[in-house]
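Residue numbers (our numbering): 2 to 112.
Here a beta-carbon is modelled for each residue, glycine too, at the ideal position from N, C-alpha and C.
Predicted model, so just to flag it, every value in this text is computed and none were measured.
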């Protein structure tokens, strides 16, 4: 179903949508049985903790501004944040780990 059609159906009918349908349409990232939810959440949290926090922060900023910027503003912001990323220890660690064929060990920023 086309996303516009889904939005129209939702607004006009107020029919409920189950988790599987919401997942299939891309409204939610994943679906887990209740008994597996805590484990899935912990696995996602552990994955995020191992990632470069500065890069995640910059990606989040881009996502948050994407709806309020026009394309030119967004591209300009993305370019600036990419350039900012090049100067980080995490960027150097990522490239070094790739060249050395190992998993990167990123710094963990708190705050």
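Taking the C-beta atoms as reference points, residue 29 is found nearer than 8 Å to residue 20. Its Cα nearest to that of residue 33, the residue 41 stands out among 26, 41 and 27. Collapsing the DSSP output to three states places residue 81 in a helix.
Contact between the stretch 56-65 and the stretch 73-86 is present: three or more C-beta pairs spanning the two stretches fall below 8 Å. Taking a 10 Å sphere around the C-beta of residue 107, we find 16 or more other C-beta atoms and assign the residue as buried.
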